[in-house]
Structure formats: C-alpha cells, structure tokens
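In the numbering used here, the protein residues as written are 6 to 103. Even for Gly, the Cβ is constructed at its ideal location relative to N, Cα and C.
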Amino acid sequence: MPFPALASAILATITLCYVGLCAGQPFAACRKCRGFGFKVTINRRGKAKRGKGCRRCHGHGIRIRRGRHLWNLWRRTHERGTRPTPATRTRTESRPWL
Ligand SMILES: [Zn+2]
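Written out as structure tokens, the structure reads:
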C-alpha cells in the first residue's frame, strides 16, 4: 500500500518542479543547434566554423518549453473567453497590436 502513495508523491514533486521551471525559465536552448542558432561545422584543418543557420529556431537558439507553450495557449483562450477585467483591459490597451 505505501508504494502508490510514494509514487504519486514523486510524480507530484516532479510535476511541481517542472511547473516552477516553466514559470522561471520559459525558454531553453534549441535542441538541434544547442543554443548556437547555427550549425557548427569542422573544416579540414579541424577548426570549428559557423555553418548554416538553424531552421528549427530560425537562428534564435532558444525554444519555448512545452509546458509554458501549453500554459500560454490556455491563458490566451481563457482571456478571449472571459469578460475583460481591469488587469486584462489595461494589458490590451497598452499593447493594441495583440
Ligand atoms: Zn536551433
């Protein structure tokens, strides 16, 4: 009987840590270019050289975490589906292009 309780506690801890990570650091290094924004190639003399720009991150070198992406989708859907509160009203007035 103690194993399911322990397993659920471990899963809850991991989930809370990931939520905190997504809140604190929403962006991470691109997995394809490892944050460089371009491919690193080795020339014939063995020297590292800048290659083509990364197509996945468009040369930025960062990606948004999956949890933060889902949170942004949920928050935008929620804001569009609810009446504007003073906080969201000032947010849309200060950024009219959104
Ligand atoms: Zn990249």
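Anyone know if the C-beta pair for residue i and residue j falls short of 8 Å?
i: LYS57; j: LYS37; result: no
i: ARG68; j: CYS35; result: yes
i: GLY66; j: GLY40; result: yes
Taking the continuous alpha helix (DSSP H) assigned at residue i, which residues delimit it?
i: THR82; result: 71-86
If you follow the beta strand (DSSP E) that residue i is part of, which residue opens it and which one closes it?
i: LYS44; result: 43-47
i: GLY58; result: 53-58
Does the Cβ of residue i have 16 or more other Cβ atoms within 10 Å, making it buried, or fewer, making it exposed?
i: CYS62; result: buried
i: CYS22; result: exposed
Measure the beta-carbon distance from residue i to residue j and round it to whole angstroms, keeping in mind my assumption that it falls under 8 Å.
i: ARG80; j: PRO31; result: ARG80 to PRO31, Cβ: 12 Å. No contact.
Measuring alpha carbon to alpha carbon, tell me which of the options ends up nearest residue i.
i: GLY42; options: GLY64, PRO89, ALA28 and PRO91; result: GLY64
>> Just to be sure I understand the criterion: a residue counts if its Cβ is closer than 7 Å to at least one heavy atom of ligand 2. Which residues meet that?
In response: Ligand 2 is absent from the structure shown, which contains only ligand 1.
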